[in-house]
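First to last, the protein sequences are chains Z and X.
Under the UniProt record's numbering, the very last position in the first sequence is 305; numbers go up by exactly one each time.
Under the UniProt record's numbering, the very last position in the second sequence is 305; numbers go up by exactly one each time.
Beta carbons: idealized from backbone N, C-alpha and C, even for Gly.
Reading through the C-alpha cells given below for one structure.
2 protein chains.
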Amino acid sequence: MSEAIEFSAWAHERARHFEWLAETMLPKPGQEPKRLVGAMRYAVLGGGKRIRPLLCYAAGEISRAPAERLNRAALALEFIHSYSLVHDDMPAMDNDTLRRGRPTTHVRYGEAEAMLAGDALQAEAFAVLAGIDDPAAGMRLVGTLARGAGVFGMCGGQSLDLAMVGEKPDEAELARMQSMKTGALILAAVLMGAQAGDWDALTPETKTGLVRYAQSIGIAFQVVDDILDCTQDTATLGKTAGKDEKDDKPTWVSFLGLEGAKARAESLLNEALEALALIGRDPAVEAGALRRLEEIAHYVTSRTH
Amino acid sequence: MSEAIEFSAWAHERARHFEWLAETMLPKPGQEPKRLVGAMRYAVLGGGKRIRPLLCYAAGEISRAPAERLNRAALALEFIHSYSLVHDDMPAMDNDTLRRGRPTTHVRYGEAEAMLAGDALQAEAFAVLAGIDDPAAGMRLVGTLARGAGVFGMCGGQSLDLAMVGEKPDEAELARMQSMKTGALILAAVLMGAQAGDWDALTPETKTGLVRYAQSIGIAFQVVDDILDCTQDTATLGKTAGKDEKDDKPTWVSFLGLEGAKARAESLLNEALEALALIGRDPAVEAGALRRLEEIAHYVTSRTH
C-alpha cells in the first residue's frame, strides 16, 4: 500500500473505533433524561473528521500511552469539540442550520435543549477523564483539557471572534484569535495524547516540539478551512459553503489571496515536520512513533473537506 | 453569643473569604479576552448565598480536609452553580432579567457572551480542581463534580424541568426533577468537602449519612424557595417574586399548600439532623465536626431570602 492509503486505512479504523467508543460511553437512547440524552448523542455521533481523537492517538505513541487512557482522552476532547459546535451554531452565535450534512442540534432539539446538551457534554468530558486509572496522569489530562477549553483557550477565542464582527482585524489578530478558538484544543489533543503515557520521561525539547507541531497544525487547519470555504460546495463540506465571504469575515484567503493561502499551508506543513524532526532526537521516543503525526500533518494540509 | 448569631458570623466570614478567593482566582478585569473575563466576573462576583461553598467547608471538617483543597472545591462548585444560573436565565430557558438584584448576565453582556461566560466558567471549575496538590483527592473531586453537573445531575434536571412545561407532573416527578436540578450539586458540595480530606478513613455509614443529609437539605432548599416565592417580594429576594404562580409552575406550595410546605420543610430538617446523628457515631469523626452542617440545616429551613 502507498503511505497515503495506509494512513487513510488507519484513520478510518481509528474513526470507526472512536464511533464505537462514543456510542458505548454515552448514555443509551431512551435512557432518562431522554430528550437531553438524545440531543447529546445527536451532537457527538454520526460523523465528523475526528481530528482531535486522531491527534491524541497519534501523540500517544510517543509516550507509549495505554489504550484505555487514550480512549478516555480522545472521548473527552471530542465531547468538548462537539459541545462547542452545538453552542457555536446557535442563533445567538453563528446561527448555522447545517452541520455534518444534517440539521444542527438546536434546529433538531430546540435552543434550550441544545444549550443543555452542550453543557452536559462538557461535564461528561471531565467525568470520562475522572475514570482514568492513574490519578497523576488523570490530573494532567484534566488540567490540559480545562485550560484548552477555557477562558484563555477555546472560549476565549470564541469571544475574540465575536468582538471582531464589524471590525477589520489584521493578520496577527486573526492568528491570535484562531490560535485560541481552534488552536488551543488541537494543542490539548496533542499534549493529552503524550500526557496519557510516560510524560515525565520526555525531554523538554520533545515537549517544546509537540507544542510547535500542534501550533503549526492548528493554524494550517484554519488556513485550509478558509481555502475550502471558497473553493468547495456545500454538499462536499457538509456545512454551508461560501459563508465567510457572505458574512464579510476576515479569512486567510482575504489576507493572502487563494495562492498565498495555499503557500502558507505548505510552509506550516514544513514547520510541523521540522518540529517532529526535533522530537525524533529524543532517546525516549521509539523509531516509528512519529509516523502518524507526520501523516496527520500531510492530511490536514491536503484535505478536500 | 447565641448559636444563631455565632453561625451567622461564621457564614458571613466564609462568604467574605470566598468572595476574596474568587476575586483572586478569576482572571483580572481588563485582562484579555476582556469582554469574556468581564462577563465571567460579573456572573460569579457580587453576592449570592454561597450555600454550596458553605456546605463544602462545613463537610470538610468531618475529614479534616486541608484549607487549600477546600478552597479549590468551593470555587469549582460555585463556578458551576454560577454558570448554570447564567444559562438558565437566558431567553431560550427561563428568560429572567433580574438576579441577585442586578440585570442578568445576558442582559448586561448579550446572549452570545453570556453563553460563552457560562461555558468558560465550567471549564475553569475543572481547571481549579486540576491545581489540587494530591492527585487521588483531585480525581475524586473531578468525578464528583462532573457527575453532579452532568446529564444525570444538574443538566439532566434542567432538561426534565423543560419537559414539564405545560405538563402536570405529580409530586414524585417534581421531587425527582429537583433532586437532579439543584439536589445533585448540593450533594456534590457535601461529598466534595468530605472527599477533599481523608475520605477513605470514613465508614460506609458516614458516607451514607452524608448522602442522606445532602438529599434532605437539597429538597428542603427547594421547598423553602417555593414558600419564599409566594410570601416575599422582589426586593427581598433579589429576583422576580411570584414567578412560579405566574408561570403556572408546579411547586411544593401548589402540591401541599403553604402550611403543608412549611411542615414538609420541618420534617426534612429533622431527617437531615438524624442523618448527622448517624455520622456522629463514626470514631473517625471528631466531636464538634458536625456543628456547621447542623447549623446550615437550620439556616436553610429558616432563611427569609
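By the 10 Å Cβ neighbour count, where 16 or more other Cβ atoms means buried, how is residue 305 (chain Z) classified, buried or exposed? Residue 305 (chain Z) is exposed by the Cβ-count criterion.
My guess is that residue 196 (chain X) and residue 137 (chain X) are in contact by the Cβ rule of under 8 Å, so how many angstroms apart are they, rounded? Right, their Cβ atoms sit about 6 Å apart.
Tell whether a beta-carbon distance below 9 Å holds between residue 222 (chain X) and residue 158 (chain X). No; because the gap between Cβ atoms is not below 9 Å, this pair is not in contact.
Among X:286, X:97 and X:225, which one has its Cα closest to the Cα of residue 202 (chain X)? Answer by Cα proximity: X:286.
Counting only the same chain and skipping the five closest in sequence on each side, list residues whose C-beta sits under 6 Å from that of residue 263 (chain Z). The beta carbon of residue 263 (chain Z) lies closer than 6 Å to none in the same chain, with the five residues before and after it left out.
To the nearest angstrom, report how far apart residue 45 (chain Z) and residue 198 (chain X) are at their CA atoms. A direct Cα-Cα distance of roughly 40 Å separates residue 45 (chain Z) from residue 198 (chain X).
Residue 147 (chain X) versus chain Z: which residues are under 7 Å apart at the beta carbon? Among the residues of chain Z, those whose CB is under 7 Å from the CB of residue 147 (chain X) are 127, following chain order.
Which listed residue (X:227, X:173, X:272 and X:130) has its alpha carbon closest to that of residue 292 (chain X): Nearest of X:227, X:173, X:272 and X:130 to residue 292 (chain X), Cα basis: X:272.
Given residue 68 (chain X) as reference, the closest of X:82, X:34 and X:17 once Cα atoms are compared: Of the candidates X:82, X:34 and X:17, the one whose C-alpha sits nearest the C-alpha of residue 68 (chain X) is X:17.
Just to confirm the assignment: which complete alpha helix (DSSP H) runs, minimum length 4, are found wholly within the segment 41-128 of chain X? Fully enclosed alpha helix (DSSP H) runs of 4 or longer: 51-60, 67-89 and 105-109.
Starting from residue 158 (chain Z), trace the alpha helix (DSSP H) both ways and give me its first and last residue. From DSSP, the alpha helix (DSSP H) with residue 158 (chain Z) extends over 154-163.
When the cut-off is 9 Å and only beta carbons count, does residue 44 (chain X) lie next to chain Z? Among the residues facing chain Z, residue 44 (chain X) is not included, as its CB has no counterpart in that chain under 9 Å away.
Per-residue burial, residue 148 (chain Z) [other beta carbons within 10 Å of its own, 16 or more giving buried]: With 16 or more other Cβ atoms within 10 Å, it is buried.
Spatial neighbours of residue 97 (chain Z) within its chain, please: C-beta separation below 7 Å, excluding the five flanking residues on both sides. Same-chain partners within the cutoff: 103, 104 and 107.
Whole angstroms is fine: what's the gap from residue 90 (chain Z)'s alpha carbon to residue 175 (chain X)'s? Linking residue 90 (chain Z) to residue 175 (chain X) through their CA atoms gives a straight-line distance of about 31 Å.
For residue 31 (chain X) versus residue 83 (chain X), is the C-beta distance shorter than 9 Å? Cβ distance not < 9 Å, so residue 31 (chain X) and residue 83 (chain X) don't count as in contact.
Chain-ordered residues of the segment 181-197 of chain Z with a beta carbon less than 7 Å from chain X: Cβ contacts with chain X come from no residue of the segment 181-197 of chain Z.
Just the chain X side, please: which residues come within less than 8 Å of residue 68 (chain Z) by C-beta, in chain order? Ordered by position in chain X, no residue passes the 8 Å Cβ test against residue 68 (chain Z), which lies about 15 Å from the chain.
Cβ neighbours of residue 76 (chain Z) in the same chain (closer than 6 Å, five flanking residues each side left out): Taking residue 76 (chain Z) as the centre and dropping the five residues before and after it, the same chain places the C-beta of 125, 128, 129 and 145 closer than 6 Å to its C-beta, in chain order.
Would you report the Cα separation of residue 277 (chain Z) and residue 59 (chain Z), rounded to the nearest angstrom? Going from the Cα of residue 277 (chain Z) to the Cα of residue 59 (chain Z) covers about 14 Å.
Comparing C-alpha positions only, which one of Z:24, Z:282, Z:182 and Z:63 sits nearest to residue 219 (chain Z)? Looking at the Cα atoms, Z:182 is the closest of the given residues.
Count the C-beta pairs between the segment 156-173 of chain Z and the segment 246-259 of chain Z that are closer than 8 Å, then say yes if the count reaches three, no if not. Counting Cβ pairs under 8 Å, three or more are found: they touch.
For residue 212 (chain X) and residue 297 (chain X), I'd like the C-alpha separation in whole angstroms. Here the alpha carbons of residue 297 (chain X) and residue 212 (chain X) stand approximately 12 Å from one another.
On the premise that residue 55 (chain X) lies in contact with residue 189 (chain X), defined as a C-beta separation below 8 Å, what is that separation, rounded to the nearest angstrom? At roughly 4 Å, the Cβ-Cβ gap stays under 8 Å, so residue 189 (chain X) and residue 55 (chain X) are in contact.
Contacting positions in the segment 80-92 of chain X - beta carbon closer than 9 Å to chain C: No chain C is present in this structure, whose protein chains are Z and X.
Count the other CB atoms within 10 Å of the CB of residue 302 (chain X); is the residue buried (16 or more) or exposed (fewer)? With fewer than 16 other Cβ atoms from the protein chains shown falling within 10 Å of its own Cβ, residue 302 (chain X) counts as exposed.
Which chain Z residues are close to residue 122 (chain X), counting only those with a beta carbon under 8 Å from its beta carbon? Chain-ordered, the chain Z residues with CB closer than 8 Å to the CB of residue 122 (chain X) read 119, 122 and 123.
Please classify residue 29 (chain Z): does DSSP put it in a helix, a strand, or coil? The answer is coil: DSSP assigns residue 29 (chain Z) none of H, G, I, E or B.
Taking Cβ-Cβ distances below 7 Å as the criterion, which residues of the segment 160-182 of chain Z are in contact with chain X? So the close ones are 160, 162 and 163.
Where the segment 7-36 of chain Z meets chain X: residues whose CB sits under 7 Å from a CB there: In summary, the residues of the segment 7-36 of chain Z whose CB is separated from some CB of chain X by less than 7 Å are 27, 33, 35 and 36, in the order they occur in the chain.
Is the Cβ of residue 116 (chain X) closer than 9 Å to any Cβ of chain Z? By this cut-off, residue 116 (chain X) is an interface position.
Between which residues of its own chain and residue 61 (chain Z) is the CB-CB distance below 7 Å, once the five residues before and five after are set aside? Residues of the same chain with a CB within less than 7 Å of the CB of residue 61 (chain Z), apart from the 5 flanking positions on each side, are 289 and 292 in chain order.
Please report the Cβ distance between residue 295 (chain Z) and residue 7 (chain Z), rounded to the nearest whole angstrom; I am assuming they are in contact, meaning their Cβ atoms lie under 8 Å. Correct: roughly 4 Å between the Cβ atoms.
Just how far apart, CA to CA, sit residue 165 (chain Z) and residue 243 (chain Z)? Roughly 14 Å between the two C-alpha positions.
Selected residue, minimal CA-CA separation from residue 231 (chain X), among X:217, X:261 and X:214: Out of X:217, X:261 and X:214, X:261 has the C-alpha closest to the C-alpha of residue 231 (chain X).
Partner residues on chain X for residue 151 (chain Z), Cβ-Cβ distance less than 8 Å: The CB of residue 151 (chain Z) comes closer than 8 Å to the CB of 27, 33, 36, 37, 40, 120, 123 and 124 in chain X, given here in chain order.
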